[in-house]
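In our numbering, each residue carries its 1-based index in the sequence shown increased by 1254.
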Amino acid sequence: MTKFADIKGFVFDLDGVITDTSILHGNAWHQLADSLDIAWSTELGNALKGISRMDSLEMILKAGGKENDFSTAEKEKLATQKNTNYIAEVDKMTPANILPGMKDFLDSLRANGYQLSLASASKNAPRVLGKLELADYFPKVVDPASLTHGKPDPEIYTKGAALLDLKPEQCIGVEDAAAGVAAINAAGETSVGIGNDTELAAADMVFNDTSAVTLANIKAKLDN
């Protein structure tokens, strides 16, 4: 079992850990639905979480009875429009969008000499970090275009450790989703889950929310 003293780096997921962009994706889809005269509902918004862009579009069109109204090329255009909407939402972000306690946690990691990297599948992650004014905390960001497999495959976390020139066992991965925790574990890193104990039962430790994630709490759980 890894001891706290062995840890030299932290590899972070972005969404649900440092900030919550799912709200922004929801807003962007809502705007697209409005432009197509398709009624939006909370249920529809929830159904899109964790679903790919094209599959999300199909669900929205189906909800409005318009699944047969567009050619493949037109659907591509609609998906691009959603992304344009999303970027506009991202550009409204400020440091106020950092989840509770995370800025303090990042400050404490930096003050204690830990290395940090970002393991997000989002192409827009560097832009989000910039808006949150956290870009200089993460000089190392895994390029999603370089990945051949998505989570729960360990590739993104293996690369996150390699960017820091650290062995996996010297790193802690921080995630809010079961697939992400599985990826951290498969990479041979210590997994910190943020969220529901049951959903994230495979994690080495779980905190109910971001404000509970501190170096002291992680040390207590690892060395217990």
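The beta-carbon is built from N, C-alpha and C at its ideal position, and this holds for glycine as well.
For the pair of segments examined, the region 1305-1318 was found not to touch the region 1404-1419: the number of CB pairs separated by less than 8 Å stays below three. Isoleucine 1426 carries a strand assignment under DSSP once its states are collapsed to helix, strand and coil. In its chain, beyond the 5 residues on either side, Leu1290 and Ile1292 have a beta carbon closer than 8 Å to the beta carbon of lysine 1320. Excluding the 5 residues flanking it on each side, glycine 1299 has same chain C-beta neighbours closer than 8 Å at Gly1280, Trp1283 and His1284, in chain order.
Proximity to alanine 1375 across Glu1387, Ser1362, Asp1397 and Tyr1368 peaks at Asp1397, based on C-alpha coordinates.
Residue pairing for phenylalanine 1266: DSSP places it in a beta bridge opposite Leu1372 and Val1428. Counted as a single uninterrupted DSSP element, the beta strand (DSSP E) harbouring methionine 1459 occupies residues 1459-1461. As DSSP reads the structure, lysine 1394 sits in a beta bridge with Ser1371. Secondary structure at threonine 1275: coil, using DSSP grouped into helix, strand and coil. When secondary structure is reduced to three states using DSSP, serine 1445 falls in the strand class. Comparing C-alpha distances from tyrosine 1340 to each of Lys1331, Thr1275 and Asp1477 shows the shortest one belongs to Thr1275. Looking at the backbone, the Cα of alanine 1436 and that of proline 1422 are separated by about 14 Å.
Per DSSP, alanine 1365 is one residue of the alpha helix (DSSP H) stretching across 1356-1365.
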